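Novice: Following this message is one structure expressed as structure tokens.
There are 2 protein chains.
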Amino acid sequence: MLDVANAAGVSLKTVSRVINEEPGVTPAKVAQVEAAIAALGYERNDIAASLRSGAKSSTVGLVIEDVANPFYAVVAQAVEDVAREHASLLITTSAREDAERERQLVTALLRRRVDALLIVPAGPDHSYIAATGFAGNTVFLDRPPANTEADTVLVDNAVGAELAVAHLLRYGHQRIAIVGDAMSLYTAQERLIGYRHALAAGGAQVDEELISMGHGTLDSAREAVNELMALPLDRRPTAVFTANNRCTIGALHALEADRSHLALVGFDEFELADLLGVTVVRTDPYRMGQVAAELALGRTSSEGPHHARRVIVPVELVARGSGEIPAS
Amino acid sequence: MLDVANAAGVSLKTVSRVINEEPGVTPAKVAQVEAAIAALGYERNDIAASLRSGAKSSTVGLVIEDVANPFYAVVAQAVEDVAREHASLLITTSAREDAERERQLVTALLRRRVDALLIVPAGPDHSYIAATGFAGNTVFLDRPPANTEADTVLVDNAVGAELAVAHLLRYGHQRIAIVGDAMSLYTAQERLIGYRHALAAGGAQVDEELISMGHGTLDSAREAVNELMALPLDRRPTAVFTANNRCTIGALHALEADRSHLALVGFDEFELADLLGVTVVRTDPYRMGQVAAELALGRTSSEGPHHARRVIVPVELVARGSGEIPAS
DNA sequence: CTGTTAGCGCATTCAT
DNA sequence: ATGAATGCGCTAACAG
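Just so you know, the sequences run in chain order W and E.
With the working numbering applied, the first sequence corresponds to residues 6 to 333, in that order.
With the working numbering applied, the second sequence corresponds to residues 6 to 333, in that order.
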């Protein structure tokens, strides 16, 4: 910037004024400065500017599990859109279900003084965030934090699972399996609770043999369904509730072309679900990311303590055929 | 940091030493300082640190079209992984095929002094980047830049298209349609060139009626296929080459359950392509992002001028059935 | 209207 | 082994 000032024959402050479009500069000098800027290819250092002005960093930090998972990719897109409305950029990081890594990432983001921190919590403890005094603009997504109070945006896991299982019960199924993610995950727990609750409400008995949790990957879900279908006929399920998009797709791989012998309802929408005729409980990852970002960015950091809010994003069942196969 | 120094009863510089793990501090003082840090919940301001040290910002900027597109989500994941190896964070931005917006985003990233800039170029001119003197660490992905020289990583578009069309020719097809993206896009142009080239090489004639470019969205691709299939029998195509993942999925929606009357090869892999038996030309978006990030981060910024490199990531055809339907 | 001084939070350089 | 002074690039608060 000093170079620009010298080249334009004005003071450093005048350059600053031109760049920030502050009033009170002669058009002639504005032109000189702009010419110098163009000649030198100068770009203001926003980092130095925000350091001095003490203003916001205009940066949002997002910690998700994996950008390549379509569910989180949509969340990231939503957050980026909201950030853009607030003239902010988004730093996206992937924790890969690793608590230690999550902590490193959060620390790195705090060290960069992000204005808002959005986290899909993976660790068993998040009190370290509150310890930094930053808790005000932290919002948790998809899962509630552990050992700390903060705004949280969730999908209606239990109700979604109940919708799915009740739907299958309505078609006469009594032996309904669940293929879900690791029980250490909040969403997996909640969906299993919903599953049990719906079975109880429908007067069906829970058979532990039909509960296959602990598999998050596509391959393990495929295996789980294969094992279920290999059971003797009287113990075999007639329907399955796949508790997330990975599980649903894994199950479809197990069943391949012949899906008529096992009714299926999946949790989470996925691309081509319509074409494949897969009945799902649709969640709204875009809305979740949007709400979370607005909560975090909408709050002025000086508001002081507040009680943590919890937003539950609704779900809906979309019938497409795979969930409407009657029990044999 | 001053607060910490006061709380610990030492000078500011000593705190700095402890934080940066510099040698030459009494263990006793280290303990005092660490206690003060814990008590105050202090986190170093990395922004101020990098400003003073003049070192790298440890930030990578990525400009893609849309994080929610699985293709770009994988690119983003790859770039994030490489950035992590270099102890850097990734700022992801979406230009949405808008040249003006792309320029805004690039400027915003340069103003933050990112160490490396990775761009899927959307605009008609990118000389403005070179004008900032930053060109050294800029790498373009998926499409070459306009009016400027810089490292570029591309997939083998023309060869991929040729593979697809040659495959269909081998099964006896003569009337092969192409459903592709807007002709303003480099990838669309290249794939159309490959299409024409393969037809010429195979002795088939090009029928302009079977060329349907200008549609990037899923819905427009579906429409395009519907129109092709509504042609009189003698003018109707017996095969189609869908030139990107959106087009392929749109085409599948048009065909629905009955895909036996139109052979199909798609450009780009997509989830469930295996299950649906869709033959595709597989590209490697992860590798593309990885190579681009390594090119950008591997270069020390002081290396001075260099000749722009161009890396072409290979493609391969994966036969799954939809492309092996013989011509009737 | 314009320029000068001071300082954001930290690391560098040089004293002590 | 520790600390004081100086400055990174910029803007806020004052001068002129």
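From the three backbone atoms N, C-alpha and C, an ideal C-beta is built for every residue, glycine too.
Treat the numbers as computed from the prediction; the structure is a model and nothing was measured.
Taking 7 angstroms as the CB-CB cut-off, is Gly255/W touching chain E?
Specialist: No, no contact with chain E.
Novice: In the DSSP assignment, what residue or residues form a beta bridge with Arg287/E?
Specialist: Glu321/E
Novice: Would you kindly check if the distance between the Cβ of Val38/E and the Cβ of Val20/E is under 7 angstroms?
Specialist: Taking 7 angstroms as the Cβ cut-off, Val20/E and Val38/E qualify as a contacting pair.
Novice: Tell me the rounded alpha-carbon separation between Gly294/E and Val80/E.
Specialist: 5 angstroms
Novice: At 3 residues or longer, and completely inside the stretch 198-274 of chain W: list those beta strand (DSSP E) runs for me, N to C.
Specialist: 244-247, 268-272
Novice: Rounded to the nearest angstrom, what separates Val15/W and Val30/W at their Cα positions?
Specialist: 11 angstroms
Novice: Quick one: any contact between the stretch 228-236 of chain W and the stretch 285-292 of chain W, if contact means 3 or more CB pairs under 8 angstroms?
Specialist: At 8 angstroms Cβ cutoff, the stretches do not touch.
Novice: Over what stretch of residues does the alpha helix (DSSP H) that includes Ser55/W continue unbroken?
Specialist: 51-58
Novice: Assign Arg116/E to one of three DSSP states: helix, strand, or coil.
Specialist: helix
Novice: List the residues of chain E that Ala75/W touches, going by C-beta distances under 9 angstroms, in chain order.
Specialist: For clarity, residue 75/W is Pro in the given sequence; the question names Ala instead. Residues of chain E passing the Cβ test: Ala73, Pro75, Ala78, Glu276.
Novice: Strictly below 9 angstroms CB to CB, what residues from chain E border Ile96/W?
Specialist: Thr64, Leu94, Leu95, Ile96, Thr97
Novice: Considering Gly185/W, what are the terminal residues of the alpha helix (DSSP H) in which it resides?
Specialist: Counting along the chain, Gly185/W falls outside any alpha helix (DSSP H), and DSSP gives it neither H nor E.
Novice: What in chain W is Cβ-close to Ile317/E, meaning under 7 angstroms?
Specialist: The premise fails here: Ile317/E is roughly 23 angstroms from chain W at the closest Cβ pair, so nothing lies under 7 angstroms.
Novice: On the three-state DSSP scale, how would you describe Asp147/E?
Specialist: coil
Novice: In whole angstroms, what separates the C-alpha of Gly46/W from that of Ala83/W?
Specialist: 33 angstroms
Novice: Any beta carbon from chain W within less than 7 angstroms of Thr157/E's own beta carbon?
Specialist: no
Novice: Does any residue of chain W bring its CB to less than 7 angstroms from the CB of Gly128/E?
Specialist: Put simply, the CB of Gly128/E is far from chain W, with every gap to its CB atoms at 7 angstroms or more.
Novice: With C-beta atoms as the reference, is Val270/E less than 7 angstroms away from Ala169/E?
Specialist: Taking 7 angstroms as the cut-off, the Cβ atoms of Val270/E and Ala169/E count as close.
Novice: Given a threshold of 16 other Cβ atoms within 10 Å of its Cβ, counted over all protein chains shown, does Ala92/W qualify as buried or as exposed?
Specialist: exposed
Novice: Using the beta-carbon count (16 or more within 10 Å), is Glu195/E buried or exposed?
Specialist: buried
Novice: Measuring CB atoms only, is the stretch 176-188 of chain W touching the stretch 245-258 of chain W, in the sense that at least three cross pairs come out at less than 8 angstroms?
Specialist: The answer is yes - the stretch 245-258 of chain W touches the stretch 176-188 of chain W, with three or more Cβ pairs under 8 angstroms.
Novice: Residues of chain W with CB under 7 angstroms from Asp51/E, in chain order?
Specialist: In chain order: Arg116, Arg117.
Novice: For Gly29/E, name the three-state secondary structure that DSSP assigns.
Specialist: Residue state, collapsed to three classes: coil.
Novice: Where does the unbroken beta strand (DSSP E) through Ser99/W begin, and where does it stop?
Specialist: Where Ser99/W is concerned, the enclosing beta strand (DSSP E) stretches over 94-99.
Novice: Between Glu321/E and chain W, is there a C-beta pair that is closer than 7 angstroms?
Specialist: no
Novice: From Asp147/W to Ala313/W, what does the alpha carbon distance come to, in whole angstroms?
Specialist: For Asp147/W and Ala313/W, the distance between alpha carbons rounds to 15 angstroms.
Novice: Per DSSP, what are the beta-bridge partners of Ser156/E in this structure?
Specialist: At residue 156/E the sequence reads Asp, which differs from the Ser that was named. Paired residues: Val144/E.
Novice: Taking the alpha-carbon of Ala166/W as reference, which of Asp156/W, Ala205/W, Ser189/W, Ala136/W has the nearest alpha-carbon?
Specialist: When each option's Cα is compared against that of Ala166/W, the closest is Ala205/W.
Novice: Which residue wins for smallest C-alpha separation from Ala151/W, given the options Phe139/W, Arg116/W, Val125/W?
Specialist: Val125/W
Novice: Three or more C-beta pairs under 8 angstroms: does that hold for the stretch 298-305 of chain E against the stretch 108-126 of chain E?
Specialist: yes
Novice: Apart from the five residues on each side of it in sequence, which residues of its chain come closer than 7 angstroms, Cβ to Cβ, to Ala193/W?
Specialist: Gly185, Asp186, Ala187, Met218, Ala248
Novice: Which stretch, first to last residue, makes up the alpha helix (DSSP H) that contains Val79/E?
Specialist: 75-90
Novice: Assign Pro75/E to one of two classes, buried (16 or more other C-beta atoms within 10 Å of its C-beta) or exposed (fewer than that).
Specialist: Buried, by the Cβ-count rule.
Novice: By the 10 Å Cβ neighbour count, where 16 or more other Cβ atoms means buried, how is Glu27/E classified, buried or exposed?
Specialist: exposed
Novice: Under the rule that 16 or more other beta-carbon atoms within 10 Å means buried, what is Ser132/W, buried or exposed?
Specialist: exposed
Novice: Pair every Cβ in the stretch 153-160 of chain W with every Cβ in the stretch 57-64 of chain E, then say whether three or more of these pairs are closer than 8 angstroms.
Specialist: no
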